[in-house]
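Since the structure comes first, as structure tokens, the remarks are kept for the end.
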Amino acid sequence: MHYIVLDRLSRQSSYLHGLDARCKIAALILFLVAVATTLPLGAGAVVGYAFLLAAGVLLARLPPAWMLTRSAAVLPFTMAFATMSVVTGNIQHAVTLVAKSYLSSFAVLLVVASTPLPALLDGFGRLGVPVILVTVIQFLYRYLFVITDEARRMWLAAQLRGSALSRQPRSEKVAAAAGSLAVLFARSLEKAESIHLAMTARGFSGRMPALVHPRATAGDALFLLALAALLWLVRFRLGGT
Amino acid sequence: MHIPDGFLSTPVWAAAGAVSVPGVAFFARRAGDAAGDGRIPLMGVMGAFVFAAQMINFPVGIGTSGHLVGGALLAVTLGPAAACMVMTAILAVQALLFQDGGVLALGANVFNMGIAGVVAGYLPYRYWGQTRFRRPAIFLGGFLSVFVSACLAMTQLMLSGVAMPGPVLGVSLGLFAVSAAIEGGITLAVTGALERLNSNWLRSAGKAGNSGMGAILIAAILLASVGALFASALPDGLEKLSEELGIAGRAASLFQTPLADYEASFAGQDWLRKALPGVLGLAAVYLVCVLAGRLISRRALHRS
């Protein structure tokens with residue numbers, strides 16, 4: 001369960017953890033845009049970007065091996081398309097796809113692992129993402145585990161009743177699966193109803209109250225400026241045209 | 242299919258973002274207007290439901306199984322605006338926490354699955370949900386929600402210069418159609434089961450009689466997505482045609498920019514030629530979405 005690790009890592013304390021969420025979001029967008037627009041992506045630029053990410057891992061005191069393997073989650077999808085590029089004889093394009101998707105995935109993971117999700121979402125909200133969307137994402141994350149556990153319990157119960165052994169025709173199996181999804185839907189509705197009642201009773205008005213009020217400091221601005229300068233260096237001096 | 246970062250060329254992700262941001266803002270306002278009665282927790286929990294629903298497998302045949310994607314089911318139960326919010330929230334959580342889909346590519350993914358997919362999944366139910374074609378309409382909604390988003394994703398990838406030999410494209414179109422049909426079947430089965438439990442959980446569909454409008458809208462969305470896919474494959478087709486007509490010599494200067502040096506010639510005019518049909522296609526689809534949204538909202542006002 002990597003997201004439990006992610007949750008724990010994001011609550012450590014370090015220089016990167018201490019930065020304002022908006023600053024880290026802006027830094028992430030800058031980095032991703034720089035990577036996306038580096039054409040062609042030379043070896044120098046790859047090393048430059050990788051160096052910046054490594055510095056980020058050090059600044060956030062995150063476990064490097066875990067970061068490296070977790071970012072590789074993007075590779076199966078990339079490999080399918082990279083293989084196609086190799087088959088059509090364009091190895092350069094294949095290498096570019098793998099390098100760009102891996103670097104970008106690593107950068108996203110770096111920010112998510114150094115910012116607790118509520119703070120990150122609060123930052124997105126302050127940067128203009130609709131409040132309703134941010135609130136829905138928060139609810140989704142909170143109840144993800146509750147509803148998934150419910151589904152797992154239902155699956156286990158079905159197994160215990162011998163669902164895997166039964167020799168019923170496929171149409172009946174589909175009906176059973178549809179029925180269990182409908183029941184899961186019903187239980188989710190029930191849960192949403194009771195959450196709504198409890199939250200209304202506590203004065204919820206459609207917006208999650210912020211527990212901390214972040215304030216962007218000069219240090220945040222300095223970090224962003226330094227990063228922009230370094231990115232400029234890598235993007236225009238080491239790679240691209 | 243969630244596109245990761247690093248795949249889309251700058252014009253494509255920028256254009257998709259430029260379309261998705263106002264689209265999501267529009268649906269957010271509409272979802273916010275209807276946000277009384279505990280709709281916000283409901284949307285969040287329904288997003289969690291769609292995540293969890295992936296654990297329940299539907300036997301398809303020969304050892305394979307499919308699972309719910311959810312765009313059409315959400316649209317039919319919560320309405321298109323709330324369904325767009327839920328799908329966007331799911332895509333955001335997947336991009337941030339599960340490294341499934343990119344952050345810069347989120348605009349494209351939200352456009353494909355959260356806007357175009359949800360609208361295409363809702364339209365058949367909207368127009369034929371109250372007629373004797375109710376069940377085919379629900380199936381068609383599930384089918385369209387997956388098929389349209391898959392075609393759009395493929396188009397964006399090809400516009401960005403991802404290599405896609407002809408046979409591979411044909412096979413993947415076939416696979417899209419199969420998985421879209423599976424989604425249609427699952428959506429139909431689950432809505433049937435939901436109706437048996439409590440028929441109030443499905444939105445009341447519009448009155449019959451405007452099915453011409455529905456057919457036009459669905460045809461427009463299909464044309465825009467499938468047409469854009471073929472348009473993005475067009476340069477090759479033109480090349481072949483010109484060779485057959487014996488004007489290869491002259492055409493060479495026009496079309497001889499194979500994908501091989503696509504990256505290098507990015508700075509030239511080439512990317513414009515490739516991106517323009519895509520941007521126009523996206524703009525057309527956006528227009529259709531806005532018009533559909535207007536229409537739906539007006540109908541909703543009339544009803545209330």
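Top to bottom, those sequences are chains G and F.
Letter by letter, the first sequence follows residues 1 to 241 of my numbering.
Letter by letter, the second sequence follows residues 242 to 545 of my numbering.
Beta carbons: idealized from backbone N, C-alpha and C, even for Gly.
Residue span of the alpha helix (DSSP H) that contains residue i, given as start and end
i, result
"G:T96", "91 to 113"
"F:L354", "Checking the sequence shown, residue 354 of chain F turns out to be Met, not Leu. Segment: none, F:M354 is in no alpha helix (DSSP H) and carries neither H nor E."
"G:L62", "Element bounds for G:L62: n/a, residue is neither H nor E."
"G:T88", "Segment: none, G:T88 is in no alpha helix (DSSP H) and carries neither H nor E."
"G:V35", "21 to 37"
"F:G288", "280 to 294"
"F:F465", "Strictly speaking, residue 465 of chain F in this sequence is Ala, with Phe absent from that position. Unbroken alpha helix (DSSP H) run through F:A465: 452 to 473."
"G:G206", "No alpha helix (DSSP H) holds G:G206; DSSP gives it neither H nor E."
"G:A72", "Here G:A72 belongs to no alpha helix (DSSP H), and DSSP marks it neither H nor E."
"G:S188", "170 to 201"
"F:A316", "312 to 319"
"G:L222", "218 to 232"
"G:L41", "No alpha helix (DSSP H) contains G:L41, which DSSP labels as neither H nor E."
"G:L16", "15 to 18"
Beta-bridge partners of residue i, as assigned by DSSP
i, result
"F:G307", "F:F299"
Residue i: contacting residues in chain F (beta-carbon distance under 9 Å)
i, result
"G:H196", "D278, G279, R280, I281, P282, L283"
"G:S180", "I297, A434"
"G:E172", "What G:E172 touches in chain F: nothing, since even the nearest Cβ is about 10 Å away."
"G:M84", "V403, A404, M405, P406, V409"
"G:A21", "Ordered by position in chain F, no residue passes the 9 Å Cβ test against G:A21, which lies about 12 Å from the chain."
Three-state secondary structure assigned by DSSP to residue i
i, result
"F:F374", "coil"
"G:P130", "coil"
"G:H213", "coil"
"F:N441", "helix"
"G:P116", "coil"
"F:P245", "coil"
"F:S390", "helix"
"F:L240", "It is not possible to answer for residue 240 of chain F, since the shown part of chain F is limited to 242 through 545."
"F:A275", "coil"
"G:R161", "coil"
"G:V5", "helix"
"G:R142", "helix"
"F:P238", "Outside the shown range of chain F (242 to 545) lies residue 238 of chain F, about which nothing can therefore be said."
"F:Q397", "helix"
"G:R152", "helix"
"F:F339", "coil"
Straight-line gap, residue i to residue j (C-alpha atoms, nearest Å)
i, j, result
"F:L464", "F:G411", "17 Å"
"F:N451", "G:D220", "56 Å"
"G:I29", "F:V310", "29 Å"
"G:D149", "F:P300", "22 Å"
"G:Y143", "G:A34", "35 Å"
"F:A336", "G:V112", "10 Å"
"G:G18", "G:T38", "30 Å"
"F:V431", "F:G247", "36 Å"
"G:R126", "F:P252", "27 Å"
"F:S420", "G:A55", "43 Å"
"G:L156", "G:S163", "10 Å"
"F:S473", "G:R237", "33 Å"
"F:A394", "F:N350", "7 Å"
"G:A177", "G:L165", "15 Å"
"F:S440", "G:F31", "49 Å"
"F:S466", "F:A259", "18 Å"
"F:F384", "F:A418", "8 Å"
"F:A460", "F:Y366", "15 Å"
"F:A293", "G:L222", "42 Å"
"G:L16", "G:A60", "5 Å"
"G:M79", "G:P209", "43 Å"
"F:A313", "G:C23", "37 Å"
"F:A378", "G:V183", "23 Å"
"G:G42", "G:K100", "11 Å"
Check: residue i C-beta below 7 Å from any heavy atom of the ligand MG
i, result
"F:R271", "This structure simply doesn't include the ligand MG, nor any ligand for that matter."
Partner residues on chain G for residue i, Cβ-Cβ distance less than 8 Å
i, result
"F:Q340", "R70, S71, A73, V74, S105, V108, L109"
"F:W254", "A36"
"F:I331", "L140"
"F:V334", "I137, L140, Y141, L144"
Neighbouring residues, chain F, relative to residue i (Cβ below 7 Å)
i, result
"G:I132", "A269, A272, G273, A276, I281, M326"
"G:F77", "P245"
"G:T38", "Going along chain F, no residue has its Cβ under 7 Å from G:T38, so there is no contact; the nearest lies around 10 Å."
"G:F185", "F290, L435"
Interface partners of residue i on chain G, CB under 7 Å
i, result
"F:G343", "S104"
"F:V431", "A178, L181, A182"
Neighbouring residues, chain G, relative to residue i (Cβ below 9 Å)
i, result
"F:P321", "Going along chain G, no residue has its Cβ under 9 Å from F:P321, so there is no contact; the nearest lies around 15 Å."
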